[in-house]
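Student: Protein chains in written order, with the working numbering: chain D, 77 to 238; chain L, 2 to 110.
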Amino acid sequence: MALRGVTRREVFRGAAAAAVAAAWPHGRARAQGFLANLAPEEPVEKTLQRLFGSRPIKDGSQVITLDLPLIAEDGGNVAMSVEVKSPMTPQSYVKAIYVLSDKNPRPLNAKFNLTPACGQAYVATNLRLADTGDVRAVAEMQDGALFMVKRGVRVVVAGCAA
Amino acid sequence: MSTLGQVKISVPGSIARGSVARARALVIHPNERVERKDGKSVERNYRFVSRVVVNYLGSDIAEFATATSIGENPSFGFAFRVTEPGTLKVTFFDTHGARFEGAAEVKPA
Numbered sequence: 077m078a079l080r081g082v083t084r085r086e087v088f089r090g091a092a093a094a095a096v097a098a099a100w101p102h103g104r105a106r107a108q109g110f111l112a113n114l115a116p117e118e119p120v121e122k123t124l125q126r127l128f129g130s131r132p133i134k135d136g137s138q139v140i141t142l143d144l145p146l147i148a149e150d151g152g153n154v155a156m157s158v159e160v161k162s163p164m165t166p167q168s169y170v171k172a173i174y175v176l177s178d179k180n181p182r183p184l185n186a187k188f189n190l191t192p193a194c195g196q197a198y199v200a201t202n203l204r205l206a207d208t209g210d211v212r213a214v215a216e217m218q219d220g221a222l223f224m225v226k227r228g229v230r231v232v233v234a235g236c237a238a
Numbered sequence: 002m003s004t005l006g007q008v009k010i011s012v013p014g015s016i017a018r019g020s021v022a023r024a025r026a027l028v029i030h031p032n033e034r035v036e037r038k039d040g041k042s043v044e045r046n047y048r049f050v051s052r053v054v055v056n057y058l059g060s061d062i063a064e065f066a067t068a069t070s071i072g073e074n075p076s077f078g079f080a081f082r083v084t085e086p087g088t089l090k091v092t093f094f095d096t097h098g099a100r101f102e103g104a105a106e107v108k109p110a
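#1: Whole-angstrom Cβ separation of Ser162/D and Val170/D, contact assumed at under 8 Å?
#2: Leaving out five residues before and five after Arg227/D in sequence, what residues of the same chain have Cβ atoms less than 7 Å from its Cβ?
#3: If we count the other Cβ atoms within 10 Å of its Cβ and call it buried at 16 or more, is Pro75/L buried or exposed?
#4: Less than 6 Å between C-beta atoms, sequence neighbours within five positions excluded: which residues of the same chain meet that for Leu203/D?
#5: Give me the chain L residues within the contact set of Ser162/D, using Cβ-Cβ distance strictly less than 9 Å, ordered along the chain.
#6: Distance, Cα to Cα, Leu183/D vs Val120/D?
#7: If you draw a straight line from the C-alpha of Arg34/L to the C-alpha of Arg48/L, how long is it?
#8: According to a CB-to-CB cut-off of less than 9 Å, which residues of the stretch 187-202 of chain D neighbour chain L?
#9: Answer yes or no: do Arg52/L and Ala66/L have a C-beta to C-beta separation smaller than 8 Å?
#10: Could you confirm whether any beta carbon from chain L is found closer than 8 Å to the beta carbon of Leu114/D?
#11: Which bits of chain D does Arg82/L rub up against, with CB to CB less than 9 Å?
#12: Using only the alpha-carbon positions, how far apart do Val160/D and Met224/D sit?
#13: Using only the alpha-carbon positions, how far apart do Ser42/L and Asp61/L sit?
#14: Does DSSP put Glu33/L in a helix, in a strand, or in coil?
#15: Which parts of the stretch 121-188 of chain D are runs of the beta strand (DSSP E), unbroken and 3 residues or longer, counting only runs that do not cross its ends?
#16: Give, in chain order, every residue of the stretch 140-156 of chain D whose Cβ lies closer than 8 Å to some Cβ of chain L.
#17: Leu79/D by DSSP, collapsed to three states: which one?
#18: Can you tell me whether DSSP reads Ala193/D as helix, strand or coil?
#19: Can you tell me which of Val55/L, Asn32/L, Asp39/L, Val28/L puts its alpha carbon nearest to the alpha carbon of Val199/D?
#20: So, using beta-carbon positions, are Phe81/L and Val8/L closer together than 8 Å?
#21: Taking only the alpha-carbon atoms, compute the straight-line gap between Ile147/D and Lys179/D and give it to the nearest angstrom.
#22: For the beta strand (DSSP E) holding Leu222/D, just list the boundary residues, first then last.
#23: Chain L partners of Ser177/D, CB-CB under 9 Å?
#24: Please state whether the Cβ-Cβ distance between Gly136/D and Gly235/D is less than 8 Å.
#25: So which residues on chain D does Glu85/L lean against when the C-beta distance must stay under 8 Å?
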């Protein structure tokens, strides 16, 4: 089932990407409530490329704690929390935390912009996951350094086209 | 059924001044997902929460950019440094231009 979905997506990806790019140019929001606020559908590597370009991403297993269930019964509602070790002072703090799901058509789940006033680099939310796969958390420090961790989640019932 | 746009914020009951507290904010919202036909998004008037702003003592301390891959009734946990007694305000903006606001009083001991 999963295989069929991937194949189908693969087939239409080229055509869809071209049509989509023509239909809604980035940065120009059309009527409110349409798809202008959505990122394009793309594989996760492309999202990482779009967000971070060629900046190096270091292994963050020492600084980031990504908490997720091993098995998610309902992909439509998966509790997730991320905590990054940081003093959160104006000199050294986590500027943003990105959460990405490898198997989602639009891999970027959310971007959390933080300030030193947060006191702790901690965020939590309920994700929608389309399929079994890795979930990544990327922490961006105030100096632009990037750290990433990922964890696999088994999704029993898909959260559908997230 | 809960009402669309109802915001609930939970803040720990007893907080020491100067400590870091964790709060959670939830909005009742369908956070409608995107349908596809032949691999392409079907353009409809989708309604989802696209921006969340956390405000404490009148200044914005955090901002979240979100999309449809957050579950129905999006909830967000976050931390904040408790300095003064005051209001913690969380505002959710959705793609239909609606704005849902919730507030909680922070009373450090």
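Quick reminder that beta carbons are idealized off the backbone N, C-alpha and C, glycines included.
The model shown is predicted, which means the values in this text are computed figures rather than measured ones.
Tutor: Taking the structure as given:
#1: Numbered from 1 along the first sequence, position 86 holds the residue referred to as residue 162/D. Numbered from 1 along the first sequence, position 94 holds the residue referred to as residue 170/D. With a Cβ gap of about 5 Å, Ser162/D and Val170/D count as contacting.
#2: For the purposes of this step, residue 227/D is taken as residue 151 along the first sequence, with counting starting at 1. These residues qualify, in order along the chain: Leu142, Leu144, Asp210, Val211.
#3: Start at 1 with the first residue of the second sequence, and residue 75/L comes out as number 74. Per the 10 Å Cβ criterion, buried.
#4: Stepping through the first sequence from its first residue, residue 203/D is reached at position 127. So the qualifying residues of the chain are Val154, Met156, Asn185.
#5: Position 86 of the first sequence holds residue 162/D. Here the premise fails: no neighbours, minimum Cβ distance about 11 Å.
#6: To locate residue 183/D, count along the first sequence from 1; it is residue 107. To locate residue 120/D, count along the first sequence from 1; it is residue 44. The identity of residue 183/D in the sequence shown is Pro, whereas the question assumes Leu. If you take the alpha carbons of Pro183/D and Val120/D, they lie about 6 Å apart.
#7: The sequence position of residue 34/L within the second sequence is 33, counting from 1. The sequence position of residue 48/L within the second sequence is 47, counting from 1. Going by the C-alpha atoms only, they are around 8 Å apart.
#8: Lys187, Phe188, Asn189, Leu190, Thr191, Pro192, Ala193, Cys194, Gly195, Gln196, Ala197, Tyr198, Val199, Ala200, Thr201, Asn202
#9: By 1-based counting over the second sequence, the position of residue 52/L is 51. By 1-based counting over the second sequence, the position of residue 66/L is 65. Contact flag set, yes.
#10: The sequence position of residue 114/D within the first sequence is 38, counting from 1. Chain L contact via Cβ: present.
#11: To locate residue 82/L, count along the second sequence from 1; it is residue 81. Those are Met164, Pro192, Ala193, Cys194, Gly195, Gln196, listed as they occur along chain D.
#12: Numbered from 1 along the first sequence, position 84 holds the residue referred to as residue 160/D. Numbered from 1 along the first sequence, position 148 holds the residue referred to as residue 224/D. So the alpha carbons of these two residues sit roughly 10 Å apart.
#13: To locate residue 42/L, count along the second sequence from 1; it is residue 41. To locate residue 61/L, count along the second sequence from 1; it is residue 60. Cα to Cα, Ser42/L sits roughly 34 Å from Asp61/L.
#14: Residue mapping note: residue 33/L aligns to position 32 of the second sequence, counting from 1. Reduced to three states, the DSSP call for Glu33/L is coil.
#15: 133-135, 140-143, 147-150, 154-160, 170-177
#16: Gly152, Asn153, Val154
#17: Sequence index remark: in the first sequence, residue 79/D carries index 3 (1-based). Confidence in Leu79/D is poor, its pLDDT being 46 and thus under 50, which makes the residue's placement unreliable; the coordinate value appears in the next sentence. Helix.
#18: Residue mapping note: residue 193/D aligns to position 117 of the first sequence, counting from 1. Three-state result, Ala193/D: helix.
#19: What you label residue 199/D is simply residue 123 of the first sequence in a count that begins at 1. Per the Cα distances, Val55/L.
#20: Position 80 of the second sequence, counting from 1, holds the residue named residue 81/L. Position 7 of the second sequence, counting from 1, holds the residue named residue 8/L. No.
#21: Counted from its first residue, the first sequence places residue 147/D at position 71. Counted from its first residue, the first sequence places residue 179/D at position 103. Roughly 15 Å separates the two Cα atoms.
#22: Here residue 222/D is taken as the residue at index 146 of the first sequence, counted from 1. Residues 222-233.
#23: Taking the first sequence and counting its residues from 1, the one referred to as residue 177/D is at position 101. Correct list: Ser70.
#24: One-based indexing of the first sequence puts residue 136/D at position 60. One-based indexing of the first sequence puts residue 235/D at position 159. Their beta carbons are not under 8 Å apart, which means Gly136/D does not touch Gly235/D by this criterion.
#25: Position 84 of the second sequence, counted from the first residue, corresponds to residue 85/L. Within chain D, no residue comes near Glu85/L; the closest Cβ sits about 12 Å away, beyond 8 Å.
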